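For the record, the sequence lines run as chains A and B.
Convert by adding 1086 to the 1-based position in the first sequence; the result is the number in this note's numbering.
Convert by adding 1 to the 1-based position in the second sequence; the result is the number in this note's numbering.
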Amino acid sequence: MMLTGTQGALGRRLVAPLRAAAAVMWVPWVLLGVVGLSSCKSAPPPPDRQAQLVAKGRDLFFNETFAGNGRTCGTCHPAENNFTIDPAFIATLPKDNPLFVAEFNPALRENFENPALMREFGLIRENLDGFDDLTNKFVMRGVPHVLGLRTSVASPGGPRTGWSGDGAPGDGSLRSFATGAVIQHFTKTLNRVPGVDFRLPTDEELDALEAFQLSLGRQQDLVLPLKLKGTVPKRGQAIFLDNRLGKCNLCHVNAGATANLGGGSLGNANFNTGVEDLPDQPARLTAQRVPRDDGFRTPGDGTFNIPPLVEAADSGPFFHNNAIETIEGAVAFYDGDAFNNSPAGRALKKADPRGVGIELDGTQIVAVAAFLRVVNALENIRESLTLLEASLKVSSTERQRLLERAARETADSARVLAGGGLHPEAVAHLQDAGRLVAKAIASGFFKRKHTEEAIREQQKARALLVESS
Amino acid sequence: MNVRVFVLGVVGISALLLGGPRAASAQKTTEQFIPVGQSPGLSGKHTVIGTVQAVNARDHTVTIAGPAGTRSAKVTERTRIWLDRSRMQQPNVKGTFADLRTGVTVEMKHEDPTGASAGGPAEWIKIQIGTSS
């Protein structure tokens, strides 16, 4: 996963010429009829039914506009930027990208998006309290990534989707989410008439989109503590798990998106943590109108659901309103007044024998963030290894796609660690792995060799971060 | 001892921390634009689709005749009523209790589907406009 959109763009700029070069390199070999000698030793096995469903969902996610304004799910959840968008990534997009439809479609110029807030802060306009007063009733939210959904959506009270847990119409499930997204974000006009301004996804399409989204990222939670090797990340993990100090694990069990306050898992739960009370929120420093976001339900109760933390370090900005840019800042939020005076913070304080909420000093904040950087890098390495290994078993077109994704994940791993000044030796191995993946992408004959070497470099990097269990 | 007190305290305040009810909460706002019979995961499973058989203005109840028999519901101040004008290629808009007339096609969702047979409160009702009935 990528640390920022700018770096994502760098990754794309790196990959694109390599791909072009690869295409040029292939031509003479095609003419000579020796294509595929290196790694197409046999035809790939036929995909099973679930794999077919996921593949269909992937195609819909990135290509289907549902007869709307040109946006796809991938417009706001691009694979090349960890399935989210941020200002740096947005800055790399061409003017006619459908993300900017409010800038060039007259019917959507007013009350559909706020282009200024979109470009500067990555914020999207949502009408979660109704469409009857578009000028005044709206909220501005960031785009959550869609990684690890299999671990984060379920709760005993039903599925929790979107930032406030109530993002989907119908039965409120992840499967139904796409229907609401099409109505909110894909429409050609503000009339939002099905069959005119868009078409609604069919049942089969909803099945496929759900299957694809559930296939993304982690399929299970970590089991903490990890046997970390880095001194600071190790201390950060200890603080994270200490229910009298960091208290992080109460609401982010195993750095995931479920809560356990001592009485058993609550699944994905909603809390009012006071993010809306933060002073100097970036979007509110502008002259733009940014109404208070009341969160869950209509009218809202001020709560938002729990995002997973494993994927956090490379998918900021953070919180529902993109209020904080860095992972260190996001951890520091819990040491501040906005959190400690919130219903959640006050409850923690009340439950604490010393009567304190969360009090961390600068070194401790950085340590927790270092821990989150390392678990994120480990997840990126896991994903890279999966992609690289899968690339050795598939057809050439699919192989390129997997290698390009592995390149981005590898770059993310290195940047996330380097951004925190962590594990320079591992970073060097990851950079080597990145170079090898780039070679594999460009190579006609030595894809397998470069890929296998990249796998070894990834494994070396991982071994520097954590002891094998 | 302190840790135990802390854990118990945290358990005790979990209800305070947790916002919202213990049930899936769907987004109601985009639901307005979904035509009768197309609500994902709900239509045909947890809603009643049929024609309005009776409206009782005094009790604020509506009786709907559907394929599986008749179902009644109480229309409360929480009940959202929408006019589904998608067949006329017009935007769906909010409706009122007065829009519930005998013979119109509607889709209705009870707040608590398990209490549907007892005529519990309706969460939302979509009234299809542009049908011949």
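The beta carbon of each residue, even a glycine, is placed where N, CA and C say it ideally should be.
As the structure is a computational prediction, the values presented were derived from the model and not from experiment.
With C-beta atoms as the reference, is residue i less than 8 Å away from residue j?
i        : j        : result
L1551(A) : A1463(A) : yes
A1174(A) : Q1374(A) : no
P122(B)  : T77(B)   : yes
N1391(A) : N1335(A) : no
N1408(A) : G1228(A) : yes
N1346(A) : R1246(A) : no
L1209(A) : L1276(A) : no
F1298(A) : R1144(A) : yes
F1272(A) : P1377(A) : no
R1485(A) : K1435(A) : no
A1398(A) : L1308(A) : no
G51(B)   : R86(B)   : no
T1140(A) : S1262(A) : A small fix is needed here, since residue 1140(A) is Val in this sequence, not Thr. The answer is no: Cβ separation not under 8 Å.
V1460(A) : L1508(A) : yes
K110(B)  : H61(B)   : no
Mind reading off the beta-carbon distance from residue i to residue j? Whole number of angstroms is fine, and I expect it under 8 Å.
i        : j        : result
V107(B)  : Q129(B)  : 7 Å
H1515(A) : K1479(A) : Going by Cβ atoms, the distance from H1515(A) to K1479(A) rounds to 24 Å, so no, they are not a contact pair.
P1255(A) : T31(B)   : 5 Å
G1342(A) : L1233(A) : Wrong, their Cβ atoms sit about 12 Å apart, outside the cutoff.
A1294(A) : K1142(A) : 4 Å
V1318(A) : A1153(A) : Not a contact, Cβ separation roughly 52 Å.
F1425(A) : T1359(A) : 6 Å
W83(B)   : G96(B)   : 6 Å
P1393(A) : P1230(A) : 6 Å
S1499(A) : S1470(A) : 7 Å
V1361(A) : F1326(A) : Rounded, the Cβ-Cβ distance is 20 Å, inconsistent with contact.
Give the interface partners of residue i over in chain A, defined as CB-CB distance under 7 Å, in chain order.
i       : result
P92(B)  : N1277, R1278 and V1279
L43(B)  : G1256 and D1257
F34(B)  : I1269, R1278 and P1280
Q39(B)  : L1286
S150(B) : Lying before the first or after the last residue shown, residue 150(B) is absent from chain B, which here runs from 2 to 134.
Give the range of the alpha helix (DSSP H) segment to which residue i is assigned.
i        : result
N1183(A) : No alpha helix (DSSP H) holds N1183(A); DSSP gives it neither H nor E.
K1525(A) : P1510 to A1528
K1436(A) : P1429 to A1437
Q129(B)  : First-last for Q129(B): A123 to Q129, but that is the beta strand (DSSP E), not the alpha helix (DSSP H).
R1542(A) : K1533 to L1551
V1282(A) : First-last for V1282(A): undefined, no H or E at that position.
R1135(A) : R1135 to N1149
H1271(A) : L1260 to H1271
E1484(A) : S1482 to G1505
V89(B)   : The amino acid at residue 89(B) is misidentified as Val; the sequence shows Met. Run containing M89(B): none; DSSP gives neither H nor E here.
K1320(A) : T1317 to L1327
V1417(A) : I1413 to F1419
E108(B)  : Per DSSP, E108(B) belongs to no alpha helix (DSSP H); it is in the beta strand (DSSP E), T106 to H111.
I1176(A) : P1173 to I1176
T1170(A) : Per DSSP, T1170(A) belongs to no alpha helix (DSSP H) and is neither H nor E.
A1297(A) : D1289 to L1300
P1201(A) : P1201 to F1207
S1238(A) : L1235 to S1238
What residue range is occupied by the uninterrupted beta strand (DSSP E) comprising residue i?
i        : result
K75(B)   : G70 to K75
I1444(A) : Per DSSP, I1444(A) belongs to no beta strand (DSSP E) and is neither H nor E.
G67(B)   : T62 to G67
I1210(A) : I1210 to E1212
T1161(A) : Here T1161(A) belongs to no beta strand (DSSP E); instead the alpha helix (DSSP H) covers C1159 to C1162.
Q187(B)  : Because residue 187(B) is not part of the residues shown, which for chain B are 2 to 134, the question remains open.
R1227(A) : V1225 to R1227
Cβ closer than 7 Å: which chain B residues qualify as neighbours of residue i?
i        : result
D1218(A) : K95
Q1450(A) : Simply none; closest approach about 19 Å.
D1328(A) : Ordered by position in chain B, no residue passes the 7 Å Cβ test against D1328(A), which lies about 10 Å from the chain.
R1261(A) : P41 and G42
G1266(A) : Q28 and T31
Within 7 Å: the Cβ of residue i and any heavy atom of the ligand PLP?
i      : result
A74(B) : Ligands in the displayed structure: none, and consequently the ligand PLP is not present.
Which residues in chain B have a C-beta closer than 9 Å to the C-beta of residue i? List them in chain order.
i        : result
T1384(A) : Q28, K29 and T30
L1458(A) : The contacting residues do not exist; L1458(A) stays about 22 Å from chain B at best.
Identify the contact partners of residue i in chain B, using a Cβ-Cβ distance below 8 Å as the criterion.
i        : result
D1215(A) : T30
Take every Cβ of the stretch 1403-1412 of chain A, pair it with every Cβ of the stretch 1474-1485 of chain A, and state whether three or more of those distances are shorter than 8 Å. no
Check whether the stretch 1185-1193 of chain A touches the stretch 1154-1166 of chain A, counting contact only when three or more Cβ pairs, one atom from each stretch, lie closer than 8 Å. yes
Contact between the stretch 1441-1456 of chain A and the stretch 1318-1328 of chain A (3+ Cβ pairs under 8 Å): yes
Contact between the stretch 64-72 of chain B and the stretch 1256-1276 of chain A: three or more CB pairs below 8 Å? Flag = no, the stretch 64-72 of chain B and the stretch 1256-1276 of chain A do not touch.
With 9 Å as the C-beta to C-beta threshold (strictly closer), list the residues of the stretch 1289-1304 of chain A near chain C in chain order. The displayed structure is made up of protein chains A and B, and chain C is not among them.
Inter-stretch contact (C-beta, 8 Å, three-pair minimum) for the stretch 1280-1292 of chain A and the stretch 32-41 of chain B: With a cut-off of 8 Å, the stretch 32-41 of chain B and the stretch 1280-1292 of chain A count as touching, because enough Cβ pairs lie within range.
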